[in-house]
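S.K.:
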Amino acid sequence: MTNPTKILVSTCLMGFPVRYNGSAKPFMPPTLLRWQQEDRLILCCPEVSAGFPTPRLSAEIRYSPLGERAVVESDNTDVTAGYLAGASIALQLALKHQCRFALLTDGSPSCGSSLIYDGSFSGKKISGMGLTADLLRKNGITVFSEAEFSALEAAVTLSDRRTAC
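At position 67 of the sequence shown the residue is numbered 69 (the numbering used here), and the sequence of numbers has no breaks.
1) Hey, how far is the Cα of Leu10 from the Cα of Met16?
2) Can you list the alpha helix (DSSP H) stretches of 4 or more residues lying completely in the stretch 37–116, in chain order?
3) Since I believe Gly121 is in contact with Glu62 (beta carbons under 8 angstroms), could you give me their beta-carbon distance rounded to a whole number of angstroms?
4) Would you mind working out which of Tyr119, Ala166 and Phe151 sits nearest Val74, comparing C-alpha positions?
5) For the beta strand (DSSP E) containing Thr144, name the first residue and the last one.
6) Suppose the cutoff is 7 angstroms on Cβ atoms and the five residues either side in sequence are ignored; what does the same chain contact list for Phe54 look like?
7) Can you tell me whether DSSP reads Ser129 as helix, strand or coil?
8) I need the DSSP call for Val20, collapsed to helix, strand or coil.
9) Apart from the five residues on each side of it in sequence, which residues of its chain come closer than 7 angstroms, Cβ to Cβ, to Glu150?
10) Which of helix, strand or coil does DSSP assign to Ser122?
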């Protein structure tokens, strides 16, 4: 295959300990490992790319009564600007490598694509999108969570067939 479909992937899903608490969140089904061998995966941790340390304070998205969102750490420090910078870096990386899809860690204030924490630091999840997932989608990159991996497999297969024609 001359131009395999490229996929932006959360670094923590590939076993790298870059999450806020210094852990990884390994998610390595056989197809993902095959894609890695085929050099299709572009790894990115938006937070680390933006200069946040590992480990770091946990962060969640809070919504104002007007619907404006801010990313705040567990000590109430507003880190929205850093998270927006990480989202921008992830987008530029995805565009540079012509990624059509992204596989991101659900729940994260950066990478959550269907669920995020509610901003209360109580462990409660709500429907919502992290800043990176949102920016990628707004720029035409289809975002999937780990729970949607079979849909990503189907999308990549279809994309590869179209590219081969």
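C-beta: ideal position from N, C-alpha, C; glycine also.
M.R.: On the basis of the data shown:
1) 11 angstroms
2) 48–51 and 82–98
3) 5 angstroms
4) Tyr119
5) Thr144 to Phe146
6) Gly84
7) Note: Ser129 maps to strand in three-state DSSP.
8) coil
9) none
10) Note: Ser122 maps to coil in three-state DSSP.
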